[in-house]
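Mind the numbering: the sequence shown is residues 0 to 301 in numbering that gives the first Met the number 0, read in order.
First the structure, in the form of structure tokens, and then the observations on it.
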Amino acid sequence: MKADDSSLDPEEVRAVHAAARRALDRASAWGVYPTPTSVILEAASLKIAPKSAFDPRRITEFLLGKAESAATALKSAIAKVFGIYDAGEQLIHIDDSVHKSKQNFLKLHEAGHHELPAHRSAFRLFHDCEKTLDPAISDLFEREANNFARFVLFQGDGYASMAVDHKFELRTPIKLAGKFGASVYASCREFVRTHHRACVIYILEPVTYCERTGARAEVRRIEASPAYLKQFRRPDEDVITLDHSLGRVLPIGRKMTRPTTVSITDRNGQAHECIAEAFNTTFNILLLVYPVKALTSTTIIL
């Protein structure tokens, strides 16, 4: 399973959210859909490098040039480069070959480095790679930049407020992804993270086959709502096979799996009837699980 990419302590969260609110305020972006990434960058005096600047040869020359003048400022890449923030020139380089929704997150991630003062003072150049942005982040600055991007993209609690008015099902975060200009992957994570009901989403790698277990999907990440964590244990599976309780929900040969009843045991050993449904994005499989009673619970908001 991928390493944690977003955990911060309360003080760090407050600082990141304050910077993100300033960015949204400066761009008058609250309530504008999809979230106007280009306006937010322009209001921050950030520019996007021309597309041609991101071919492998030119970007390598760019990084080597920076490394010569700022030796330790360059964080070396371990895998494919997706985004670069040059603090000196207030310039962002983005790989435009990735999906537009992912570009939005990458741009805001790099803007986070720009907007957080400690980042600019510590590094003159940020060089991000697939290892950190896909995401598997251990570095504090990367987690802070991810949280900045998440807050801005989903406009604080704007996404959560909108989601609660929609039907409690997997189609809701898929629909809201387009509303906010986010990827389905990011939208599903946000849906579960911020929902008041108990739910968990498994983010799986594409289905593969082996002689011993047949179809299987490795677990890339698991995101659970606070209510789910309180009632159930945090899931720790690293692979879903056909003999797993969720195995029959894998969307094999189809795009989406219809809601299917499964049983999940809570912290007290009591079994609960739950609903599981899955969606294949081609890059990942998103598998949402939630207790049946969550569909009938009533919430009064004062």
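Every residue, glycine too, gets a C-beta built ideally from N, C-alpha and C.
Fair warning: this is a prediction, and the values are worked out from it, not measured in the lab.
By the C-beta density criterion, E88 is exposed, having fewer than 16 other C-beta atoms within 10 angstroms.
With a contact defined as Cβ atoms closer than 8 Å, Q154 and L45 miss out at about 19 Å. Beta-bridge annotation (DSSP): P116 is not paired with any residue.
Residue pairing of M255 in beta bridges, as defined by DSSP: F278. For the pair of segments examined, the segment 248 to 268 was found not to touch the segment 155 to 166: the number of CB pairs separated by less than 8 Å stays below three.
Between L7 and the set E189, T36 and V15, the nearest pair of CA atoms involves V15.
Per DSSP, reduced to three states, the secondary structure at L203 is strand.
The three-state reading of DSSP puts F81 in strand, counting E and B together. Unbroken alpha helix (DSSP H) stretches of 4 residues or longer found wholly inside the segment 206 to 249: 225 to 230, given in chain order. For T36, the three-state secondary structure derived from DSSP is helix. Between A216 and I284, the C-beta gap is smaller than 8 Å, which places the two residues in contact.
Inter-residue distance for V206 and R220 is about 15 Å (C-alpha atoms, whole angstroms).
Contact check between the segment 107 to 119 and the segment 31 to 45: three or more CB pairs, one atom from each, fall below 8 Å, which counts as touching.
Assigned with DSSP and collapsed to three states, C187 falls in helix. DSSP places L7 in no beta strand (DSSP E); its state is neither H nor E. For L286, same chain residues with a beta-carbon under 7 Å away, outside a window of 5 residues either side, are I200, Y201, L203, L245, V248, A275 and A277 in chain order. For T281, the closest alpha carbon among the candidates N145, F104, H98 and E114 is that of H98. Here C187 has P172, I200 and L285 as same chain residues with Cβ atoms under 6 Å from its own Cβ, once five neighbours each way along the sequence are excluded. Per DSSP, P49 lies in no beta strand (DSSP E) segment and is marked neither H nor E. Per DSSP, the beta-bridge partners of C273 are V261 and P290.
In this structure, F140 and H118 form a Cβ contact; the two beta carbons are roughly 5 Å apart against a cut-off of 8 Å.
When the Cα atoms are used, T260 and E272 turn out to be separated by approximately 7 Å. Within the same chain, Cβ atoms closer than 8 Å to the Cβ of A214 are found at V206, T207, Y208, T240, L241, G246, L249 and I251, the five residues on either side in sequence being excluded.
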